[in-house]
Amino acid sequence: MAELNEKYFAGSGGEEKRPENIEEILQDGEEIVWRGKPKKSAYIANSVAKMFPIALIWIIFDGFFIGMLATNGFDIPTPLIVFMSIFFVLHLAPVWIWIYRSVTAKKRHENLEYAFTDRRIIVRSGVVALDFKSVSYQDVSAVNVRYGAIDKMAKVGDIYVTSNSKATVIEDIENPRAVSKQLETLVSKVKTGVAFTEGEKVEFVKCKYCGTKNRSTDKTCSSCGAPLD
Numbered sequence: 039m040a041e042l043n044e045k046y047f048a049g050s051g052g053e054e055k056r057p058e059n060i061e062e063i064l065q066d067g068e069e070i071v072w073r074g075k076p077k078k079s080a081y082i083a084n085s086v087a088k089m090f091p092i093a094l095i096w097i098i099f100d101g102f103f104i105g106m107l108a109t110n111g112f113d114i115p116t117p118l119i120v121f122m123s124i125f126f127v128l129h130l131a132p133v134w135i136w137i138y139r140s141v142t143a144k145k146r147h148e149n150l151e152y153a154f155t156d157r158r159i160i161v162r163s164g165v166v167a168l169d170f171k172s173v174s175y176q177d178v179s180a181v182n183v184r185y186g187a188i189d190k191m192a193k194v195g196d197i198y199v200t201s202n203s204k205a206t207v208i209e210d211i212e213n214p215r216a217v218s219k220q221l222e223t224l225v226s227k228v229k230t231g232v233a234f235t236e237g238e239k240v241e242f243v244k245c246k247y248c249g250t251k252n253r254s255t256d257k258t259c260s261s262c263g264a265p266l267d
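Just so we're aligned, residue 39 is where the sequence shown starts under the numbering used here, counting upward by one.
Rendered as C-alpha cells:
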C-alpha cells in the first residue's frame, strides 16, 4: 500500500499560496504609483463612532423592554421568556455589529492598505483572512473627496471612487486632495468623462440609447454622443 504524502496535505504539495502583499498580485509589467494606509487614530475613531448613535438607540429601546421583562419575569410563562430572549438577541444585531467593528478596528487597520498602480486601484483588507479588491481605471465614473467631523479634526479625508460595480472608499487618508489629484491623473490617462468633485455627491443619468452612465449636468452622452434628457 502506497504511503500518503503528509506534506501535500500540509500545503507544500502544489497548493497555491494565498497572497499576503499587494506586490504578489501585480500583473507582468504593472507598477505601483502610490500606496498608503489610513491614519490609525482617525480610522479607529471612525470605526467606533459610525454606528454608535444607532447602537445607543437600540440599547436604550431594547433595554427598556428587557427591564420590564425582568421586573415581571415571575408573571410571564417560561416559553414566552425564552422566545423574548431569543428575539432580543437577534433584534440587538446593530449593537453586536458595532461591538464587532469596534473590537476589530485595530486588526482591520493593520491589514488595510491601498495602492494605485498604472492600471488599477488595489485594496487589501480583512480581519482573519486577507482579501484583495481591484478596480480598473476604465470602470471609474467618479472620484469624490469627502470629510466627516472626525476627519476634519484628524486632518484626513475619504476618497469615494464610483465604478460600474459599486463605490470603493479609500478611508482616512492624509493629504486627501493630493492623493485624489494623483488618482485623477491616472484615471484621466485611460478614460475621459469622469466626474472629479470635492465634498459633494455626484448624480448620474443613464443614456437611453447605450446605457452609459453620465453626469446629470452633461448635455450629451460621453460614449455615443446622443442627447441626454
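The beta-carbon is built from N, C-alpha and C at its ideal position, and this holds for glycine as well.
Buried or exposed by the 16-neighbour rule on C-beta atoms within 10 Å, applied to residue i
i: Val183; result: buried
i: Glu41; result: Bear in mind that the predicted position of Glu41 carries a pLDDT of just 47, short of 50, making it unreliable; the figure below should be weighed with that in mind. By the neighbour-count rule (16 or more Cβ atoms within 10 Å), Glu41 is not buried but exposed.
i: Leu130; result: buried
i: Ile208; result: buried
i: Asp210; result: buried
i: Phe47; result: At Phe47, the pLDDT of 47 sits below 50, so the modelled position is not reliable; the number obtained from the coordinates is stated separately. Phe47 is exposed by the Cβ-count criterion.
i: Lys77; result: buried
i: Val71; result: exposed
i: Ala180; result: buried
i: Ser202; result: Here the sequence assigns Asn to residue 202, which means Ser is not the residue at that position. Exposed, by the Cβ-count rule.
i: Thr155; result: buried
i: Val5; result: Outside the displayed span of the chain (39 to 267) sits residue 5, for which this structure offers no information.
Cα-Cα separation between residue i and residue j, rounded to whole angstroms
i: Arg272; j: Val199; result: Given a span of 39 to 267 for the chain in the structure shown, any question on residue 272 remains unanswerable.
i: Pro117; j: Ile124; result: 11 Å
i: Asp267; j: Ala167; result: 46 Å
i: Leu107; j: Trp96; result: 16 Å
i: Ser50; j: Ala205; result: Because the pLDDT at Ser50 is just 49, under 50, the model does not fix this residue reliably, and the point stays unresolved.
i: Asp196; j: Ala93; result: 23 Å
i: Cys259; j: Ile160; result: 29 Å
i: Ile135; j: Ala143; result: 12 Å
i: Cys262; j: Tyr138; result: 47 Å
i: Lys45; j: Glu58; result: The pLDDT assigned to Lys45 is 47, lower than 50, so where the model puts this residue is not dependable, and the model offers no usable value.
i: Phe214; j: Phe234; result: Residue identity check: residue 214 is Pro in the sequence provided, not Phe. Rounded to whole angstroms, Pro214 to Phe234 spans 13 Å at the Cα level.
i: Tyr102; j: Glu69; result: One point to set straight first is that residue 102 is Phe, not Tyr, in the sequence displayed. Distance between the alpha carbons of Phe102 and Glu69 is about 57 Å.
i: Thr223; j: Ile98; result: 48 Å
i: Pro132; j: Ile114; result: 27 Å
i: Lys257; j: Met89; result: 39 Å
i: Tyr185; j: Ala192; result: 10 Å
i: Ile245; j: Val178; result: One detail in the question is off: residue 245 reads as Cys in this sequence, not Ile. About 17 Å.
i: His147; j: Val232; result: 30 Å
i: Ile122; j: Tyr81; result: The question names Ile, yet the displayed sequence has Met at residue 122. Taking the straight line from one Cα to the other gives about 36 Å.
i: Ile61; j: Thr109; result: First, the residue type needs correcting, since residue 61 is Glu and not Ile in the sequence shown. Glu61 and Thr109: Cα-Cα distance of roughly 59 Å.
i: Lys229; j: Lys219; result: 15 Å
i: Asn84; j: Val225; result: 28 Å
i: Gly249; j: Val165; result: 37 Å
i: Val243; j: Gly67; result: 36 Å
i: Val217; j: Arg157; result: 16 Å
Residue of the options minimising C-alpha distance to residue i
i: Lys75; options: Phe90, Leu150, Ala83 and Glu62; result: Leu150
i: Ser79; options: Asp177, Val194 and Gln176; result: Val194
i: Ile188; options: Arg215, Asp113, Val86 and Gly231; result: Val86
i: Ile63; options: Thr109, Asp169, Val141 and Asp100; result: Asp169
i: Ile104; options: Met89, Phe234, Val120 and Thr230; result: Val120
i: Val127; options: Asp113, Ala153 and Asp100; result: Asp100
i: Lys227; options: Gln176, Trp72 and Gly164; result: Gln176
i: Lys171; options: Tyr152, Val165 and Ser218; result: Tyr152
i: Tyr247; options: Val232, Asn202, Asp256 and Ala264; result: Ala264
i: Lys145; options: Val173, Arg162 and Thr250; result: Arg162
i: Val173; options: Gly231, Leu221, Thr230 and Glu212; result: Leu221
i: Arg73; options: Glu212, Val243 and Gln65; result: Glu212
Paired residues, beta bridge with residue i - DSSP
i: Tyr175; result: Answer is none; Tyr175 lacks a bridge partner.
i: Gly105; result: Paired residues: none, contrary to the question.
i: Ile70; result: Thr155
Along the chain, which unbroken stretches of the alpha helix (DSSP H) at least 4 residues long are found entirely within the region 185-267?
187-192 and 214-228
In chain order, which alpha helix (DSSP H) runs of at least 4 residues are fully inside the region 120-181?
131-141 and 143-149
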